[in-house]
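Everything on this sheet refers to the single structure shown next.
Protein chains: 2
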Amino acid sequence: MAGSRRGRQSPTLVELAEAAGCSTSLASIVMRGAPGASDATRKRVMEAAESIGYRPDERARSLRRSSSGLIGVAYHVAEPFHADLVEGLYGTEGDGFDLVLGAMVPGRDVEHTIEPLLRQRCEAIILIGSMLPVARLRRIREEVPLVLVARQVRAAGIDVVRTDDRGGQRLATEHLIGLGHRAIAYIDGGQHPGAAIRRRSFRDTMAAHGLSDQARVIPGGNTEEEGIRATRRILDEGEPPTAIAAFNDRAATGVLTMLVRAGLRVPEDVSVIGFDDARIARTAVTPLTTIRQDTTLMAHVARERAAGLARQRFVAGEQVLVPELTERESTAPARPDH
Amino acid sequence: MAGSRRGRQSPTLVELAEAAGCSTSLASIVMRGAPGASDATRKRVMEAAESIGYRPDERARSLRRSSSGLIGVAYHVAEPFHADLVEGLYGTEGDGFDLVLGAMVPGRDVEHTIEPLLRQRCEAIILIGSMLPVARLRRIREEVPLVLVARQVRAAGIDVVRTDDRGGQRLATEHLIGLGHRAIAYIDGGQHPGAAIRRRSFRDTMAAHGLSDQARVIPGGNTEEEGIRATRRILDEGEPPTAIAAFNDRAATGVLTMLVRAGLRVPEDVSVIGFDDARIARTAVTPLTTIRQDTTLMAHVARERAAGLARQRFVAGEQVLVPELTERESTAPARPDH
DNA sequence: GTTTAATACTAGAACGTTCTAGTACTGATT
DNA sequence: AATCAGTACTAGAACGTTCTAGTATTAAAC
Chain R
1 MAGSRRGRQS PTLVELAEAA GCSTSLASIV MRGAPGASDA TRKRVMEAAE
51 SIGYRPDERA RSLRRSSSGL IGVAYHVAEP FHADLVEGLY GTEGDGFDLV
101 LGAMVPGRDV EHTIEPLLRQ RCEAIILIGS MLPVARLRRI REEVPLVLVA
151 RQVRAAGIDV VRTDDRGGQR LATEHLIGLG HRAIAYIDGG QHPGAAIRRR
201 SFRDTMAAHG LSDQARVIPG GNTEEEGIRA TRRILDEGEP PTAIAAFNDR
251 AATGVLTMLV RAGLRVPEDV SVIGFDDARI ARTAVTPLTT IRQDTTLMAH
301 VARERAAGLA RQRFVAGEQV LVPELTERES TAPARPDH
Chain X
339 MAGSRRGRQS PTLVELAEAA GCSTSLASIV MRGAPGASDA TRKRVMEAAE
389 SIGYRPDERA RSLRRSSSGL IGVAYHVAEP FHADLVEGLY GTEGDGFDLV
439 LGAMVPGRDV EHTIEPLLRQ RCEAIILIGS MLPVARLRRI REEVPLVLVA
489 RQVRAAGIDV VRTDDRGGQR LATEHLIGLG HRAIAYIDGG QHPGAAIRRR
539 SFRDTMAAHG LSDQARVIPG GNTEEEGIRA TRRILDEGEP PTAIAAFNDR
589 AATGVLTMLV RAGLRVPEDV SVIGFDDARI ARTAVTPLTT IRQDTTLMAH
639 VARERAAGLA RQRFVAGEQV LVPELTERES TAPARPDH
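Taken in sequence, the protein lines are chains R and X.
Quick note, the first sequence lines up with residues 1 to 338 if you use the numbering used here.
Quick note, the second sequence lines up with residues 339 to 676 if you use the numbering used here.
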């Protein structure tokens, strides 16, 4: 019971050294696995540590070392896509860095989130899917190396890891066109990262196929709710398109929801395509055809970049990953009568 | 550009004191808003801090103070319900504690997650929805006050904040019975927190209404995928029940998905009820009737408990919150012909 | 004009580590 | 027998704060 520890501090290196009958320096060497201790001593110290319940104080360690060995990660807790990326970040250990999470929640913006990370002297910060204006990103960049994930930004000094949104959206749009669809609606992602590029890519691809007049862009968002609203709006306005592309899988799921509610079948009546290949894509009412972003790889690269930037082995740049089409059941050839 | 800071350390209190022309003690007093400095000095120091870009080093602060002022939070990143709780935890500031997040991801279990929190000398740990056996919880409890959220455990010294799962599931089951349903399937949550209690509550409630022979419990889980699988199994086995209750909203969403895929209508053919009132409940194909757990309140209470336990103002106990039925569109009276 | 009380300020010792610069010992090399 | 190289170990100064115990300075009280 912790009751027995009430008020007691946890044992320090000094107490460990005492228990093991050696100097704190030696105990320290053993605890961090540095060279300079005999095997016998190592064993003795480790046993003493075990027996007194010694646990190194990370604050003191970090303070004393010249570098904190910390990479900060700022992400939106409620965003499943971010959660996937965070999971991926933990996959790659062994670069000598620990991760410190900074949660963005409503009312706690990027600056608020990053401040504690900087106060812990994180050596680099991975910022996931932030909509922050470039000027403010620049200000952060002045304090610490910054890796921006899943968003494009052309500003010197800011490292970027992202998917080729333009290529991805082209893939999606051409998939639909290839299936014979002509009247295609695109549900936009508003201000969200990547939205502007995907929107433009949709328009450009439609234009390239001479379908500009059939291309409709509907205001949307990145949530199921916004997908639902946008689709309702489409349906309210009369003859629905034969295909709908959405900014991301969450919005696409909202599209599916609304179509089912309206009694339309997917893909028989309307084809739907998403973006991300999020977890929910598989379990949607109709398994979603979508553009796959490899979150594991993105996370891997992001961490590598952050570590490299912190150690000044890299110069900031842009890593663009190639997305691919994942065909499931929500898209099908346009029916001839349309 | 951070390039200009290459290799430069961030300014320390000593440099701040120098810049402001006072002692470090005084600069410290100003920076932490402690009494003992004149208004003029405060202004001068603050301006100096601003001008040299001083930012207190949290590691040093925490190390020096007798208490770290940290509460650790261990949660599953990929679990939306946990994300809601984490959001809630940030809502209540002003207790003098900062939150440190510990992410549980596949391959990184509770112990791995908690270790870094302890190394930062968190004064209490909030553990969300862990399935850890009591013995191991006890071991953690020996090191630090522990608040267990969304799970019942009867072990001295472990603080618990949970919803009344038994009452909640009774509410759900009786809602269905009250609508005239008799053949009701329950999709179980397996080993997940609360699952055992909800399962038993379902059985007991059915029994109390003389419906034991109509009560079916199907192995399931806490994800959409498992909801789908369980429902497929139900449909494969012949005459479907007129109502399905699921362990949580994610599983219930899977149920909806599978029912739609099978061409059944909700609630006309089958009523479905979930648990949690997660975000996805509203945007499900058919808006889910569900049992609402107030995550904001739970988070609020959990934080309060953690802070109180850390400061030794509370003795560990159990806080049980009352859930309520949220009626949406996925439940309706049983059709007479059933 | 001395005491008292309060306010503004400071020196310097912590906090729990790491790390540099050293000492003491061993065994091999000349 | 003296030198060297290597291994095992240690003393003690950092790291950047907070906090205790103080010293001046001023204002009020008699």
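In this text, a Cβ means the ideal position worked out from N, Cα and C, and glycines have one as well.
Helix, strand or coil at residue i [DSSP, three-state]
{"i": "Asp98(R)", "result": "strand"}
{"i": "Thr295(R)", "result": "helix"}
{"i": "Glu18(R)", "result": "helix"}
{"i": "Asp607(X)", "result": "coil"}
{"i": "Gly7(R)", "result": "Because the pLDDT at Gly7(R) is just 46, under 50, the model does not fix this residue reliably, and the value given afterwards should be weighed accordingly. The answer is coil: DSSP assigns Gly7(R) none of H, G, I, E or B."}
{"i": "His338(R)", "result": "Any reading at His338(R) is ruled out, since the residue's pLDDT is 48, under 50, leaving its predicted position unreliable."}
{"i": "Ala645(X)", "result": "helix"}
{"i": "Ala332(R)", "result": "coil"}
{"i": "Thr627(X)", "result": "strand"}
{"i": "Met1(R)", "result": "Residue placement at Met1(R) cannot be trusted, given a pLDDT of 39 that sits under 50; what the coordinates show is reported in the next sentence. In this structure, Met1(R) counts as coil in the three-state DSSP scheme."}
{"i": "Leu127(R)", "result": "strand"}
{"i": "Ala284(R)", "result": "coil"}
{"i": "Ser23(R)", "result": "coil"}
{"i": "Ala48(R)", "result": "helix"}
{"i": "Pro116(R)", "result": "helix"}
{"i": "Arg380(X)", "result": "helix"}
{"i": "Phe652(X)", "result": "coil"}
{"i": "Thr543(X)", "result": "helix"}
{"i": "Ala640(X)", "result": "helix"}
{"i": "Leu549(X)", "result": "coil"}
{"i": "Arg32(R)", "result": "coil"}
{"i": "Arg121(R)", "result": "coil"}
Expected contact under 8 Å - CB spacing of residue i and residue j to nearest Å
{"i": "Thr289(R)", "j": "Gly254(R)", "result": "Actually they are not in contact, since the Cβ atoms of Thr289(R) and Gly254(R) sit about 16 Å apart, beyond 8 Å."}
{"i": "Asp422(X)", "j": "Thr633(X)", "result": "4 Å"}
{"i": "Gly107(R)", "j": "Gly69(R)", "result": "About 31 Å separates the two Cβ atoms, so there is no contact after all."}
{"i": "Val272(R)", "j": "Ser330(R)", "result": "4 Å"}
{"i": "Ala584(X)", "j": "Gly565(X)", "result": "6 Å"}
Exposure label - residue i; buried when at least 16 CB within 10 Å
{"i": "Ala372(X)", "result": "exposed"}
{"i": "Ser366(X)", "result": "buried"}
{"i": "Glu417(X)", "result": "buried"}
{"i": "Gly21(R)", "result": "exposed"}
{"i": "Ala589(X)", "result": "buried"}
{"i": "Gly532(X)", "result": "buried"}
{"i": "Arg403(X)", "result": "exposed"}
{"i": "Gln293(R)", "result": "buried"}
{"i": "Met596(X)", "result": "buried"}
{"i": "Val482(X)", "result": "buried"}
{"i": "Met636(X)", "result": "buried"}
{"i": "Ser468(X)", "result": "buried"}
{"i": "Arg500(X)", "result": "buried"}
{"i": "Pro310(X)", "result": "This structure cannot settle anything about residue 310(X), because the visible part of chain X is limited to 339 through 676."}
{"i": "Val352(X)", "result": "exposed"}
{"i": "Arg265(R)", "result": "exposed"}
{"i": "Arg229(R)", "result": "buried"}
heavy atom of the ligand SAH below 6 Å from residue i C-beta
{"i": "Ser404(X)", "result": "Of the ligands one can find in the structure shown there are none, so the ligand SAH has no counterpart to examine."}
Beta-ladder partner(s) of residue i, from DSSP
{"i": "Ile496(X)", "result": "None; Ile496(X) has no bridge partner."}
{"i": "Gln657(X)", "result": "Val499(X)"}
{"i": "Arg554(X)", "result": "Ala523(X)"}
{"i": "Val105(R)", "result": "Arg108(R)"}
{"i": "Glu662(X)", "result": "Arg630(X)"}
{"i": "Asp684(X)", "result": "In the structure as shown, chain X begins at 339 and stops at 676. Residue 684(X) is therefore absent and cannot be evaluated."}
For this session: For the region 52-90 of chain R, list the beta strand (DSSP E) runs that are entirely contained and at least 3 residues long, ordered along the chain.
Result: DSSP runs (the beta strand (DSSP E)) wholly in the region 52-90 of chain R: 70-76.
Exercise. At which residue ranges does the region 471-535 of chain X contain complete alpha helix (DSSP H) runs of 4 or more residues, listed in the order of the chain?
Worked result: Whole alpha helix (DSSP H) segments, 4+ residues: 472-479, 503-516.
Problem set entry | Length at least 4, wholly inside the region 217-270 of chain R: the alpha helix (DSSP H) runs in chain order | For the region 217-270 of chain R, whole alpha helix (DSSP H) runs of length 4 or above, ordered along the chain, are 224-236, 249-261.
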